[in-house]
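In terms of our numbering, the sequence shown opens at residue 1 and continues consecutively. Please read the structure below before turning to the comments.
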Amino acid sequence: MNSLSETYFAEAKKYIPGGVNSPVRAFSSVGLNPVYIDRGEGSRLFDVDGNEYIDYVGSWGPLILGHADKRIQETIQKTIARGTSFGANTEIEVRFARLISEIYPSMERIRMVNSGTEATMSAVRLARGYTGRDKIIKFEGCYHGHGDSFLIKAGSGVLTLGLPGSPGITRGTAADTLIAEYNNLDSVKELLLANKDEIAAVIIEPVMGNAGLILPQEGFLKGLRELTETENTLLIFDEVITGFRLALGGAQQVYGIRPDLTCLGKIIGGGFPVGAFGGARRIMEHLAPEGPVYQAGTLAGNPVAMQAGYRTVQILRDENPYPALEEKGQALERGFKENQSKLGVSFAQNRAGSMFCRFFTGRNVEFYRDAMSADTKLFSRYFAQMLTRGIYMAPSQFETGFVSAAHSLQDIKITIAADYDSLKAVI
Ligand SMILES: *Cc1c(COP(=O)(O)O)cnc(C)c1O
Numbered sequence: 001m002n003s004l005s006e007t008y009f010a011e012a013k014k015y016i017p018g019g020v021n022s023p024v025r026a027f028s029s030v031g032l033n034p035v036y037i038d039r040g041e042g043s044r045l046f047d048v049d050g051n052e053y054i055d056y057v058g059s060w061g062p063l064i065l066g067h068a069d070k071r072i073q074e075t076i077q078k079t080i081a082r083g084t085s086f087g088a089n090t091e092i093e094v095r096f097a098r099l100i101s102e103i104y105p106s107m108e109r110i111r112m113v114n115s116g117t118e119a120t121m122s123a124v125r126l127a128r129g130y131t132g133r134d135k136i137i138k139f140e141g142c143y144h145g146h147g148d149s150f151l152i153k154a155g156s157g158v159l160t161l162g163l164p165g166s167p168g169i170t171r172g173t174a175a176d177t178l179i180a181e182y183n184n185l186d187s188v189k190e191l192l193l194a195n196k197d198e199i200a201a202v203i204i205e206p207v208m209g210n211a212g213l214i215l216p217q218e219g220f221l222k223g224l225r226e227l228t229e230t231e232n233t234l235l236i237f238d239e240v241i242t243g244f245r246l247a248l249g250g251a252q253q254v255y256g257i258r259p260d261l262t263c264l265g266k267i268i269g270g271g272f273p274v275g276a277f278g279g280a281r282r283i284m285e286h287l288a289p290e291g292p293v294y295q296a297g298t299l300a301g302n303p304v305a306m307q308a309g310y311r312t313v314q315i316l317r318d319e320n321p322y323p324a325l326e327e328k329g330q331a332l333e334r335g336f337k338e339n340q341s342k343l344g345v346s347f348a349q350n351r352a353g354s355m356f357c358r359f360f361t362g363r364n365v366e367f368y369r370d371a372m373s374a375d376t377k378l379f380s381r382y383f384a385q386m387l388t389r390g391i392y393m394a395p396s397q398f399e400t401g402f403v404s405a406a407h408s409l410q411d412i413k414i415t416i417a418a419d420y421d422s423l424k425a426v427i
């Protein structure tokens, strides 16, 4: 007898490419049938076959408050009763922009879009328009959405599927994207010098969350800030994951760096499709209608999405869940490490607050190439074990796990016990 998830996936493949609307959801890298979700509640997911999971994906980052938060639901319901889209200005987008600007002082002006991809695409277009330069530098393994300029040595699904890039991207576009090594300032310096006055921007995930999880070494981000300033190149922080996640004010708050442009996404929509980019006024005023760089969106600033995002950020600001998230992240890390030593293995474990990743490699993971030494087959077997035990992780070695405010210490305890049994079963 097939499960409902199997039945749905078989049917989906008849109508949707690969059966999914985003590649990693197919579970192809772990060789399993993907799970179809019925509903979520707090830290839990329930699939269509009646299985319950503790969820560490959180819709790939957005759900820092957990699933179906009552306060967000109430806000959405009230808003929807008044209409769902006007394509005109509403007060909430003004209030939300002001709130974000207060939390992110580097974002003096903010434009709302519908996804992280739109935010990064638009930020790079603006950087090119502002500087009059064509090339950008990105880092191997960083993912900035599926815009053409970024699908070169990208992380996330591109990496999971083992693709070096993507067909359909012109040679011209590919040639304008230069690749540096994360945590290697010299690699950036060399590119900046070899392409003097040609680099519009350096774009980076300040904490790399799409090749597993890789943290910036001491001085790396600061050095990047100095180098870009010297070369009149804009520094773009892609904080689509780290924004409102590492801290309310994102990685720029934690590391004390003021980027020229910032991209936000995921948490900012409170579970709805929202992205945003913003930065210094002198740059942002080049956007239409003030300036000549064009960017627009029929559903941008959608009132329902704005209310959900605003309410989420307001709760995060008022309740400050970050110390508790740190505590839960620490507990998970400690438990996973204890399991490893009990079982006599030592895999790399990286963590930043509520973001975590175990790499199935004996090497410390400080560089992208270290992450690449991970045993993805072993990960797949571990993933299947965890899923069977009711723990829903991202189905790829090269993704980051997320703890939410809705996870309890009891959830963490259950997860650590499942981790022990799963590890034991696969090593
Ligand atoms: C998810 C992600 C994006 C893309 O956002 P989408 O909403 O999926 O388009 C961009 N940058 C980073 C760092 C991301 O993690």
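Positions of the beta carbon are idealized from the N, C-alpha and C atoms, including for glycine.
Exercise. How about E108 and S101: do their beta carbons lie closer than 8 Å?
Worked result: Sequence index remark: in the sequence shown, residue 108 carries index 108 (1-based). Sequence index remark: in the sequence shown, residue 101 carries index 101 (1-based). Cβ distance < 8 Å, so E108 and S101 count as in contact.
Problem set entry | Cβ contact (3+ pairs, closer than 8 Å) linking the stretch 401–411 and the stretch 56–72 | yes
Problem set entry | Where N350 sits in the DSSP three-state scheme | Within the sequence shown, residue 350 is the residue found at index 350, counting from 1. Note: N350 maps to strand in three-state DSSP.
Exercise. Tell me the DSSP bridge mates of A201?
Worked result: In the sequence shown, the residue the question calls residue 201 occupies position 201. According to DSSP, A201 bridges with I136 and L234.
For this session: Report the partner residues of V112 according to the DSSP bridge assignment.
Result: Here residue 112 corresponds to residue number 112 of the sequence shown, with the count starting at 1. This sequence places Met at residue 112; Val is not what is there. According to DSSP, which records beta bridges pairwise, M112 is partnered with A276.
For this session: Please indicate yes or no: does the CB of I37 lie closer than 7 Å to some heavy atom of ligand 1?
Result: Residue mapping note: residue 37 aligns to position 37 of the sequence shown, counting from 1. No, since every heavy atom of ligand 1 falls outside the 7 Å radius drawn around the Cβ of I37.
Problem set entry | Option nearest E74 by Cα separation, candidates S29, Q307, D176 and F383 | One-based indexing of the sequence shown puts residue 74 at position 74. Nearest C-alpha to E74: Q307.
Exercise. Near Y8, which residues of its chain fall below 8 Å by C-beta distance, leaving aside the five closest residues on each side in sequence?
Worked result: Counting from 1 along the sequence shown, the entry for residue 8 is found at position 8. Result list for Y8: Y36 and V48, in chain order.
For this session: Under the assumption that Y182 contacts E140 (Cβ atoms under 8 Å), give the Cβ distance between them as a whole number of angstroms.
Result: As a position in the sequence shown, residue 182 is number 182, starting the count at 1. As a position in the sequence shown, residue 140 is number 140, starting the count at 1. About 7 Å; that satisfies the 8 Å criterion.
Exercise. Does the distance from the CB of S354 to the CB of L325 come in under 8 Å?
Worked result: On the sequence shown, position 354 is the one that residue 354 refers to. On the sequence shown, position 325 is the one that residue 325 refers to. Yes.
For this session: Report all residues from its chain with a CB closer than 6 Å to the CB of Y143; omit the five preceding and five following residues, and keep chain order.
Result: Here residue 143 refers to the residue found at position 143 when the sequence shown is read from its first residue. Cβ neighbours of Y143 beyond the five flanking positions: A154, G155, S156 and N210.
For this session: Following the continuous alpha helix (DSSP H) through E327, name the residue where it begins and the one where it ends.
Result: Within the sequence shown, numbered from 1, the residue matching residue 327 stands at position 327. Per DSSP, E327 belongs to the alpha helix (DSSP H) from Y322 to L343.
For this session: Could you have a look at L378 and say whether DSSP puts it in helix, strand or coil?
Result: Indexing the sequence shown from 1 puts residue 378 at position 378. Reduced to three states, the DSSP call for L378 is helix.
Exercise. Going by the C-beta, is I136 closer than 7 Å to any heavy atom of ligand 3?
Worked result: Ligands in the displayed structure: ligand 1; ligand 3 is not one of them.
For this session: Let me know if F86 comes out buried or exposed under the rule of 16 or more other beta-carbons within 10 Å of its beta-carbon.
Result: For the purposes of this step, residue 86 is identified with residue 86 of the sequence shown, where counting begins at 1. Exposed.
Exercise. Under 7 Å from any heavy atom of ligand 1, does the C-beta of N516 make it?
Worked result: Outside the shown range of the chain (1 to 427) lies residue 516, about which nothing can therefore be said.
Problem set entry | Per-residue DSSP class, three states only, for L299 | As a position in the sequence shown, residue 299 is number 299, starting the count at 1. Correct three-state label for L299: coil.
Exercise. Touching or not, the stretch 330–341 and the stretch 383–400, by the rule of three or more beta carbon pairs under 8 Å?
Worked result: no
Exercise. If you draw a straight line from the alpha carbon of K328 to that of P105, how long is it in whole angstroms?
Worked result: On the sequence shown, residue 328 is found 328 positions in, with the first residue counted as 1. On the sequence shown, residue 105 is found 105 positions in, with the first residue counted as 1. Cα to Cα, the separation comes out at about 29 Å.
Problem set entry | Alpha-carbon to alpha-carbon, R258 and A127 | The sequence position of residue 127 within the sequence shown is 127, counting from 1. The sequence position of residue 258 within the sequence shown is 258, counting from 1. Using only the alpha carbons, I get a separation of about 16 Å.
Problem set entry | D38 (DSSP reduced to helix, strand or coil) | Indexing the sequence shown from 1 puts residue 38 at position 38. Residue state, collapsed to three classes: strand.
For this session: Give the DSSP-derived three-state secondary structure of M121 in the structure shown.
Result: The count along the sequence shown starts at 1 and reaches residue 121 at position 121. Reduced to three states, the DSSP call for M121 is helix.
Exercise. Excluding sequence positions up to five away, which residues of its chain have a Cβ less than 8 Å from the Cβ of P167?
Worked result: One-based indexing of the sequence shown puts residue 167 at position 167. Excluding positions up to five away in sequence, the list is empty.
For this session: List in chain order: all unbroken beta strand (DSSP E) runs of 3+ residues lying wholly within the stretch 352–412.
Result: 355–359
Problem set entry | Exposure label - Y255; buried when at least 16 CB within 10 Å | The count along the sequence shown starts at 1 and reaches residue 255 at position 255. By the 10 Å Cβ count, Y255 comes out buried.
Exercise. Beta-carbon separation of A300 and M121 under 8 Å?
Worked result: As a working mapping, residue 300 is identified with position 300 in the sequence shown. As a working mapping, residue 121 is identified with position 121 in the sequence shown. No; because the gap between Cβ atoms is not below 8 Å, this pair is not in contact.
Problem set entry | Whole-angstrom C-beta distance between T312 and I241, which should lie under 8 Å | Locating residue 241 in the sequence shown gives position 241, where the first residue counts as 1. Locating residue 312 in the sequence shown gives position 312, where the first residue counts as 1. Not really, about 15 Å apart at Cβ, beyond 8 Å.
Exercise. Sorted by chain position, which residues of the same chain lie with C-beta nearer than 6 Å to A118's C-beta, five sequence neighbours on each side aside?
Worked result: Taking the sequence shown and counting its residues from 1, the one referred to as residue 118 is at position 118. The question names Ala, but residue 118 is Glu in the sequence shown. Hits under 6 Å: G275.
For this session: Would you check whether ligand 1 has a heavy atom nearer than 7 Å to the C-beta of K70?
Result: The residue given as residue 70 occupies position 70 in the sequence shown. No, ligand 1 has no heavy atom inside 7 Å of this Cβ.
Exercise. M1: buried (16+ other C-beta within 10 angstroms of its C-beta) or exposed?
Worked result: In the sequence shown, residue 1 corresponds to position 1, counting from 1. The residue in question, M1, is exposed, as its Cβ has fewer than 16 Cβ neighbours within 10 Å.
Exercise. Under three-state DSSP, which class holds V240?
Worked result: The residue labelled residue 240 in the question sits at position 240 within the sequence shown. Reduced to three states, the DSSP call for V240 is coil.
Exercise. Taking buried to mean at least 16 other C-beta atoms within 10 Å of its own C-beta, is Y294 buried or exposed?
Worked result: In the sequence shown, the residue the question calls residue 294 occupies position 294. Flag for Y294 reads exposed.
For this session: Can you grab the Cα-Cα spacing for the pair P289 / G50, in whole Å?
Result: Walking along the sequence shown from the start, residue 289 turns up at place 289. Walking along the sequence shown from the start, residue 50 turns up at place 50. The straight-line gap from Cα to Cα measures roughly 51 Å.
Exercise. Y322 and A384 look like a contact to me (Cβ under 8 Å); what is the Cβ gap, rounded to whole Å?
Worked result: Numbered from its first residue, the sequence shown carries residue 322 at position 322. Numbered from its first residue, the sequence shown carries residue 384 at position 384. Not confirmed; about 33 Å, so no contact.
Exercise. Quick one, what's near ligand 1 if you take every residue whose CB is closer than 5 Å to any heavy atom, in chain order?
Worked result: S115, G116, T117, H144, G145, E205, D238, V240, I241 and G265
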